[in-house]
Amino acid sequence: NWGLANSIIDGVTKIVNEYGRIIVLEDDLVTSPYFLKFMNEGLTMYENEDKVASIHGYIYPIDNLPNTFFIKGADCWGWATWKRAWDIFESNGEKILDELKSRRLEKEADFNNSYGFTQMLKDQIKGKNNSWAIRWAYAMHKKDRFCIYPKDSKVQNIGFGKDATHCSGVNIYQTEL
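In the numbering used here, the protein residues as written are 1 to 177.
Right, here's the structure in full:
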């Protein structure tokens, strides 16, 4: 067990280098019957579209969304990508933070200060969390890459609670599949 970040980074790197693409699920995710179809169709449809970095299976429970839509960055609860996008991944959090600061992108990357992604990156740098995902999201954000999302979540995270390693408490983002 290398820990979350090292395991994901190593595993994704090995698979995309061998197969050119990957679908990633962690052990605390349950997928809908439509998850793989959504991932595979996205991998095929956007394979040669450099601006699209990944396909994501989870979406917050929000009403009135289009069937699919794009958000700058990337995400981690059930996703897929190609080697071309993973090659942009930057594992050095300090390097990412320095570039975000120099380009004055922190507010934008925090979705207009609505979520503390920059603080999460700073915490990763200090060793307070073991997030590979914040580095993935920011690497894509700084390169102006997008993630496609579904209207209805294809993923449910069951990894919250008192025994959870990374997510204690209640999952306020719970979705129905």
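Just so it is clear, CB atoms sit at the ideal spot from N, CA and C, and this is done for glycine as well.
What residue from the options has the CA that sits closest to residue i's CA?
i              : options                      : result
proline 150    : Asp87, Gly78, Leu25, Asn92   : Gly78
asparagine 217 : Lys83, Thr118, Arg135        : Because the chain spans 1 through 177 in this model, residue 217 falls outside it and cannot be assessed.
isoleucine 99  : Lys126, Trp132, Ala139       : Residue identity differs from the one stated: residue 99 is glutamate in this sequence, not isoleucine. Of Lys126, Trp132, Ala139, the residue nearest in Cα terms is Ala139.
aspartate 23   : Asp110, Leu4, Thr44          : As written in the sequence, residue 23 is isoleucine, which differs from the aspartate given in the question. Out of Asp110, Leu4, Thr44, Thr44 has the C-alpha closest to the C-alpha of isoleucine 23.
asparagine 92  : Gly3, Trp2, Asn1, Ile9       : Ile9
alanine 74     : Leu65, Tyr46, Leu97, Ser54   : Ser54
glutamate 108  : Asn67, Ala137, Asn1, Asp50   : Ala137
glutamate 41   : Ser114, Ile88, Ala80, Tyr115 : Ala80
lysine 143     : Phe35, Glu90, Thr68          : Glu90
valine 52      : Phe38, Met39, Phe70          : Phe70
leucine 25     : Gly57, Ile88, Ser114         : Gly57
glutamate 94   : Asp50, Ile148, Gly127, Tyr46 : Gly127
For residue i, which of helix, strand or coil comes out of DSSP?
i                 : result
phenylalanine 89  : coil
phenylalanine 111 : coil
arginine 21       : strand
threonine 13      : helix
isoleucine 158    : coil
Considering only residues of the same chain and omitting the five flanking positions on each side of residue i, which have a CB-CB separation below 6 Å?
i             : result
lysine 72     : His141, Phe146
tryptophan 76 : Rather than tryptophan, the amino acid found at residue 76 in this sequence is cysteine. Excluding residues within five positions, the ones whose Cβ falls inside 6 Å are Ala133.
leucine 4     : Asn130
Give me, in chain order, the residues of the same chain whose beta-carbon lies closer than 8 Å to that of residue i; leave out the 5 immediate sequence neighbours on both sides.
i                : result
tryptophan 86    : Val12, Thr13, Val16, Ile22
asparagine 1     : Ser7
leucine 36       : Ile23
phenylalanine 38 : Ile55, Gly57, Pro150, Lys154
proline 66       : Lys151
Among residues of its own chain, excluding the 5 on either side of residue i, which ones have a beta-carbon nearer than 7 Å to its beta-carbon?
i             : result
glutamate 106 : Leu100, Thr118
**Asked** At a cut of 8 Å, does the region 58-72 reach the region 112-132 through at least three beta carbon pairs?
**Response** With fewer than three CB-CB distances shorter than 8 Å, the region 58-72 does not count as touching the region 112-132.
**Request:** At 3 residues or longer, and completely inside the region 26-101: list those beta strand (DSSP E) runs for me, N to C.
**Result:** Taken in chain order, the whole beta strand (DSSP E) runs of length 3 or more contained in the region 26-101 are 29-31, 52-56, 68-72, 79-82.
**Asked** For the 8 Å Cβ check, are there 3 or more pairs between the region 24-31 and the region 150-159?
**Response** Counting Cβ pairs under 8 Å, three or more are found: they touch.
**Message:** Taking contact to mean 3 or more Cβ pairs, one atom from each stretch, closer than 8 Å, check whether the region 13-26 and the region 92-109 are in contact.
**Reply:** Note that the region 13-26 does not touch the region 92-109; fewer than 3 beta-carbon pairs, one per stretch, sit closer than 8 Å.
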